[in-house]
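Here numbering that gives the first Met the number 0 is used: the first residue of the sequence shown is 0, the next is one more, and so on. Just so it is clear, CB atoms sit at the ideal spot from N, CA and C, and this is done for glycine as well. What you are looking at is a predicted structure, and each value in this text was computed from that prediction instead of being measured.
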Amino acid sequence: MAITGTELLILGAIIFLVIMFRPNTIVDLSKSMGRVVREFKLGGKRDSPEELESLFTDTAERLGIRTDGKKADLIEEEILAKAKSHQH
């Protein structure tokens with residue numbers, strides 16, 4: 000499955016906009032993607048709620064989301080909302 004010219008143009012435009020308006024976002028997203036890949040490779044070996052909450056907390060702090068007294072599910076929702084807001 001090859002990337003067509005239109006897809007490449009859209010991808011390039013998204014990367015350009017992210018670099019222009021939020022250069023630190025790329026670093027944060029890259030770190031988060033690295034963690035996702037690492038978690039995927041572990042294949043569910045880290046299932047404890049404490050470790051999952053720690054992962055959410057670390058990611059949220061890197062994205063500038065306050066985590067004081069929040070549960071993992073609320074932190075997860077805020078991370079997803081922030082990611083969606085950066086897509087547009």
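Below 6 Å CB to CB, which residues in the same chain sit around residue i once its five sequence neighbours on both sides are set aside?
{"i": "Val-35", "result": "none"}
Nearest by alpha-carbon distance to residue i: which of the options is it?
{"i": "Asp-72", "options": "Ile-9, Thr-24 and Glu-49", "result": "Glu-49"}
{"i": "Phe-55", "options": "Glu-6, Lys-30 and Ile-14", "result": "Lys-30"}
{"i": "Glu-60", "options": "Leu-28, Arg-37 and Ser-47", "result": "Leu-28"}
{"i": "Asp-57", "options": "Gly-42, Leu-41 and Met-32", "result": "Met-32"}
In angstroms with no decimal places, state the Cα-to-Cα distance between residue i and residue j.
{"i": "Glu-52", "j": "Lys-70", "result": "8 Å"}
{"i": "Ala-12", "j": "Phe-20", "result": "12 Å"}
{"i": "Glu-75", "j": "Thr-66", "result": "10 Å"}
{"i": "Ile-64", "j": "Ala-80", "result": "11 Å"}
{"i": "Leu-8", "j": "Leu-16", "result": "12 Å"}
Note the first and the last residue of the continuous alpha helix (DSSP H) segment covering residue i.
{"i": "Ser-5", "result": "The sequence given here places Thr at residue 5; Ser does not occur at that position. Unbroken alpha helix (DSSP H) run through Thr-5: 4-20."}
{"i": "Asp-57", "result": "48-61"}
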